[in-house]
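Here numbering that gives the first Met the number 0 is used: the sequence shown runs in plain steps of one and ends on residue 219.
Working notes, beginning with the structure itself.
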Amino acid sequence: MLRAAGVGLGDEVVVPAFGNVEVAEAVAMAGALPVFADIDPATYCLDASAVEAAVTPRTAAVVVVHRFGRLAGMAGLHAVGRRHGLLVLEQGESEAPYDEIARRRERAAYLDAKLRGVRTPDGGDGHTYQQYVVRVPGNGRPDRDAFARAIRGKGVECRVPVKTPVHRLPEFRRCVSLPETERAADETLALPVDATLTKRDMQRIVSACNALGGLLQPAF
């Protein structure tokens, strides 16, 4: 899509650093330079004001990635694109059948109501909960990783959605300030929300998390 739009050598393309290394790789394959902008902490997608701050005379496009079943704030991003004459491309996620999405939303609503000691996701409009991503309070990555180990020990499968932001990878290393991206990489944890989970499975998740969540306090 970038090549078809004439984006190439000498151009810059604004992309997220919170995961999706394949997007930065695609920009590089087109001959352009990926430029990383920060995310909105609620959606984990590109933040319009951060994108605007990253625009230079060489910027040709923005690639927006929708994350975890939550859509980016496209109105603000398209407004930035219009102001600067930029191509705005979107990368979505695979669509699930409606009944599966409905069951994931039911499980997400249960977790929203029952979980204590972690920050639950901001549902927003149309969230399909491809992943149910919480924030673990405390001292960032060490506490998040300890929390993950503890609930895995109680039989709860969980995963760190983004282990290393793209701007920290050797092939794309940049000296750029992305505080929300860094914070999200240190604090986020994806809990199970599959449509196949039973009520007992959901109770196990809540019990394991709540036994730990109240012990963690925000860092000062």
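Built from N, CA and C at the ideal position, the CB exists for glycine as well.
*Counting only the same chain and skipping the five closest in sequence on each side, list residues whose C-beta sits under 6 Å from that of serine 206.*
Within the sequence shown, the letter at position 207 stands for residue 206. Excluding residues within five positions, none has a Cβ falling inside 6 Å.
*To which residues does DSSP link proline 33 through a beta bridge?*
On the sequence shown, residue 33 is found 34 positions in, with the first residue counted as 1. In DSSP, proline 33 forms a bridge with Val12.
*Chain-order list of residues whose beta-carbon lies under 6 Å from that of alanine 49 (same chain, five-residue window excluded)*: Counting from one through the sequence shown, the residue named residue 49 turns up at place 50. The answer, listed in chain order, is Ala36, Asp37.
*Spell out the partners DSSP gives isoleucine 38 in its beta bridges.*
Taking the first residue of the sequence shown as position 1, residue 38 is located at position 39. Looking at the DSSP assignment, isoleucine 38 forms a beta bridge with Leu45.
*Along the chain, where does the alpha helix (DSSP H) that runs through threonine 180 open and close?*
Numbered from 1 along the sequence shown, position 181 holds the residue referred to as residue 180. That run of the alpha helix (DSSP H) goes 178-186.
*Quick one: using the 10 Å Cβ neighbour count with 16 as the cut-off for buried, is valine 133 buried or exposed?*
Here residue 133 refers to the residue found at position 134 when the sequence shown is read from its first residue. That one is buried.
*Give the single residue among Glu170, Arg115, Gly152 whose Cα lies nearest to the Cα of alanine 27.*
As a working note, residue 27 is residue 28 in the sequence shown. With distances taken between Cα atoms, alanine 27 lies closest to Glu170.
*asked:* Just to confirm the assignment, what range does the beta strand (DSSP E) spanning glutamate 89 have?
replied: As a working mapping, residue 89 is identified with position 90 in the sequence shown. Element bounds for glutamate 89: 86-90.
*asked:* With H, G and I counted as helix, E and B as strand and the rest as coil, what does DSSP make of arginine 173?
replied: On the sequence shown, position 174 is the one that residue 173 refers to. Here arginine 173 carries a coil assignment [DSSP, helix/strand/coil].
*Would you mind reading off the limits of the alpha helix (DSSP H) that contains valine 22?*
As a position in the sequence shown, residue 22 is number 23, starting the count at 1. Start and end: 20-28.
_Identity of the residue in Val175, Tyr131, Lys153 nearest valine 159 by Cα_ = Residue 159 sits at position 160 when you count from the first residue of the sequence shown. Measuring from the Cα of valine 159, the nearest candidate turns out to be Tyr131.
*Where does alanine 53 land, buried or exposed, given buried means 16+ other C-beta within 10 angstroms?*
Residue numbering aside, residue 53 sits at position 54 when the sequence shown is read from its first letter. Buried is the call here.
*Reduced DSSP category for valine 50 - H, G, I as helix; E, B as strand; rest coil*: As a first step, residue 50 is located in the sequence shown; it is residue number 51 there, counting from the start. It is helical.
_proline 164 beta carbon less than 8 Å from that of alanine 31_ = For the purposes of this step, residue 31 is taken as residue 32 along the sequence shown, with counting starting at 1. For the purposes of this step, residue 164 is taken as residue 165 along the sequence shown, with counting starting at 1. Contact annotation: alanine 31 and proline 164 have beta-carbon atoms that are not nearer than 8 Å.
*Going by beta carbon distance, what residues of the same chain come within less than 8 Å of glycine 139, once the five residues before and after it are set aside?*
Locating residue 139 in the sequence shown gives position 140, where the first residue counts as 1. Same-chain partners within the cutoff: Arg182, Asp185, Glu186, Ala218.
_Can you tell me whether tyrosine 131 is helix, strand or coil according to DSSP?_
By 1-based counting over the sequence shown, the position of residue 131 is 132. Three-state DSSP puts tyrosine 131 in a strand.
*Under the three-state reduction of DSSP, which class applies to leucine 168: helix, strand or coil?*
Translated into positions along the sequence shown, residue 168 becomes position 169. Coil, per DSSP.
*asked:* Using a 10 Å radius around the Cβ and a threshold of 16 neighbouring Cβ atoms, would you call glutamate 21 buried or exposed?
replied: Translated into positions along the sequence shown, residue 21 becomes position 22. Counting Cβ neighbours within 10 Å, glutamate 21 comes out exposed, since fewer than 16 surround it.
*Of the listed residues Arg57, Tyr43, Val63, Gly5, nearest to alanine 23 (C-alpha basis)*: As a first step, residue 23 must be located in the sequence shown, where it is residue number 24. Checked all of Arg57, Tyr43, Val63, Gly5; the closest Cα to alanine 23 is Val63.
*asked:* Can you give me the C-alpha to C-alpha distance between alanine 108 and proline 141, rounded to a whole angstrom?
replied: As a first step, residue 108 must be located in the sequence shown, where it is residue number 109. As a first step, residue 141 must be located in the sequence shown, where it is residue number 142. In a straight line, the C-alpha of alanine 108 is about 28 Å away from that of proline 141.
_Cβ distance (whole Å) where threonine 127 is taken to contact arginine 103 below 8 Å_ = Here residue 127 refers to the residue found at position 128 of the sequence shown. Here residue 103 refers to the residue found at position 104 of the sequence shown. With a Cβ gap of about 7 Å, threonine 127 and arginine 103 count as contacting.
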